[in-house]
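Asker: Shown below is the structure under consideration.
Following this line, the structure appears as structure tokens:
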């Protein structure tokens, strides 16, 4: 059992000094109107805390391109988040616009994250193919869309976790060689 | 043996009342000039009929961006199709422009469908990686590109079929929870 | 041991007469400044030579969108390459802009190549998901991004090799049927 309340939490500093400041943005019309409790945000926060990420911002916004894009810009440019995870609005319903709102603010896309999350989920359900989640970089911030359900959001986060520390370091300008790290990984596996 | 002619066919109505009106667009220069019989259209129609889809439109158009885009727009906006499947023009030959014509009319892309079809085909042939098929939503219509060969088209359709009913319902505004459905699926598998 | 120097090499002509003229573009700030020897270019050249590709151009350019786009345009439009492989600049570091520079000059993207390379690499390391490699067609030239490390570049090239001959033939206008070739492959596997 985790006895810390979010306010008590201090994340482990990254060993190389790179930021792990993280924001969770729940995209939900009903959540934003107060008609539904945000279930995915707290579950994601818990899991991220266990991994040493400092969740310093959580907000619920409606399924509106302008609302989602605005908060992503503010959290990247002003709040200097290292990582922003959205949850919700990635499906094909008429109001699902989180990917479009995200693409509108990304400098560079990272297509492999959406691919990897969908490929992993596809082993569990064919409905995984209609998740339209995207990921990418704005300035020094990595932004990734996760599905709206708590279960789906955490399952997808698990796919990302092994790649996140290196990704965040590189986005923030870590000059170490990717190749070296990847080779270490592979050697590690071969042992 | 199926003894129904297409004219006799009536599709099963979706249990929740959502449309299953389907169009098949064969994209082929030679087909459009009458130099080749459309082989993929009828094979797709047969398979879709078995699954309860009402194929109410079939047409052959040349490999021209404008021709393909126009028919996709008409079938979405005026004919109110729930699903449009194209077959042909997804490769890398100079005249293969179906993905570009499709992207030009989509409101929102669904990248996971192309990914899932290619991943499945890649287990059979490395040539699968040059299929440039895209999928996405225009208004309340799902549009998906399939390859041109009858065999390839049906194999790719098989990948989509388990995800289609839920996708079409959501696109048409079904307010039920994705999460619930997906959890049912997963529980179903666990049994 | 391969005793041929690159200057001695003559590639096997493609049996159907399609071009196999290949260029390798190493994208590296340090390489372009002469601070680091290009390790990936020679390794790729060696492997391509073994497969019968004529590597007739190798250059190192800095991680600048304009520099990368310019050379891709020149190698496609003026030097009439059949294939251009880039190596480097596909990650998420601030200077990694090879995918953006490539997308800027492509007429049509081939998303399945990036997907296939990442899916293969993902079986070795989770870091594969941050490779942002893209592929596509400009005129009659196939352009594919590979990672920067020699090991990663060659591993990704191996994924492409089985699909390349057919892809290059089709891009150059080979009128033979894709379907027939793919069916032959499948039958071949079934034997």
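Protein chains in written order, with the working numbering: chain A, 1 to 191; chain B, 192 to 382; chain C, 383 to 573. Quick reminder that beta carbons are idealized off the backbone N, C-alpha and C, glycines included.
(1) Answer yes or no: does any C-beta atom of chain B fall closer than 7 Å to that of residue 159 of chain A?
(2) Return helix, strand or coil for residue 123 of chain A, following the three-state DSSP convention.
(3) When you compare the CB of residue 466 of chain C with every CB in chain D, is at least one pair closer than 7 Å?
(4) Please list the partners that residue 514 of chain C has in chain A, where partner means a Cβ-to-Cβ separation under 8 Å.
(5) Say whether the segment 417 to 426 of chain C touches the segment 452 to 465 of chain C, bearing in mind that this needs 3 or more beta-carbon pairs closer than 8 Å, one atom from each stretch.
(6) Taking 8 Å as the limit between beta carbons, can you name the residues of its chain near residue 570 of chain C, skipping five residues before and five after?
(7) What are the complete alpha helix (DSSP H) segments, minimum 4 residues, inside the segment 516 to 561 of chain C?
(8) Quick check on the DSSP output: the alpha helix (DSSP H) that includes residue 480 of chain C runs from which residue to which?
(9) From residue 110 of chain A to residue 514 of chain C, what does the alpha carbon distance come to, in whole angstroms?
(10) Who are residue 90 of chain A's beta bridge partners in DSSP?
(11) Would the beta-carbon of residue 353 of chain B be found less than 6 Å away from any heavy atom of the ligand SAH?
(12) What in chain A is Cβ-close to residue 306 of chain B, meaning under 9 Å?
(13) For chain A, is any of its Cβ atoms less than 7 Å away from the one on residue 471 of chain C?
(14) Roughly how many angstroms lie between the CA atoms of residue 114 of chain A and residue 134 of chain A, to the nearest whole one?
(15) Indicate the three-state DSSP secondary structure (helix, strand or coil) for residue 18 of chain A in the structure shown.
(16) Quick check on this structure: which residue in B:262, B:244, B:243 and B:245 has the alpha carbon closest to the alpha carbon of residue 251 of chain B?
(17) List the residues of chain C that residue 167 of chain A touches, going by C-beta distances under 7 Å, in chain order.
(18) Tell me, please, whether the CB atom of residue 424 of chain C is closer than 7 Å to any CB atom in chain A?
(19) Can you check whether the CB of residue 85 of chain A is closer than 7 Å to the CB of residue 161 of chain A?
(20) Taking only beta-carbon atoms, is residue 253 of chain B less than 7 Å away from chain C?
(21) Would you identify the three-state DSSP class for residue 106 of chain A, choosing helix, strand or coil?
(22) Chain A partners of residue 361 of chain B, CB-CB under 7 Å?
(23) Using the Cα positions of residue 366 of chain B and residue 255 of chain B, report the straight-line distance between them to the nearest angstrom.
(24) Can you pull the chain B neighbours of residue 535 of chain C, defined as C-beta to C-beta under 7 Å?
(25) Report the residue from C:531, C:537 and C:407 whose alpha carbon sits nearest the alpha carbon of residue 465 of chain C.
(26) What are the residues that DSSP puts in a beta bridge with residue 405 of chain C?
(27) Can you check whether the CB of residue 328 of chain B is closer than 7 Å to the CB of residue 299 of chain B?
(28) Who are the neighbours of residue 508 of chain C on chain A, taking C-beta pairs under 7 Å?
(29) Skipping 5 residues on each side, what residues in its chain have a beta carbon closer than 7 Å to that of residue 173 of chain A?
(30) CA-CA distance, residue 361 of chain B and residue 332 of chain B?
Answerer: With the given structure in hand:
(1) no
(2) coil
(3) Although the question refers to chain D, the structure presented lacks it and instead comprises the protein chains A, B and C.
(4) 108, 109, 110, 111 and 112
(5) no
(6) The predicted model places residue 570 of chain C with a pLDDT of 37, which falls under 50 and marks its position as unreliable; any figure quoted below should be read in that light. Once the five neighbours on either side are set aside, residue 570 of chain C has no close Cβ partner at all.
(7) 532 to 542 and 546 to 553
(8) 480 to 485
(9) 6 Å
(10) DSSP, once it has assigned bridges, lists no residue as partnering residue 90 of chain A.
(11) Although the ligand SAH was asked about, the structure shown includes no ligands whatsoever.
(12) 114, 115, 118, 119, 122 and 129
(13) no
(14) 5 Å
(15) coil
(16) B:262
(17) 474 and 512
(18) no
(19) no
(20) no
(21) coil
(22) 91, 92 and 93
(23) 38 Å
(24) None at all; the shortest Cβ gap to chain B is about 17 Å.
(25) C:407
(26) C:439 and C:466
(27) yes
(28) 162 and 163
(29) none
(30) 11 Å
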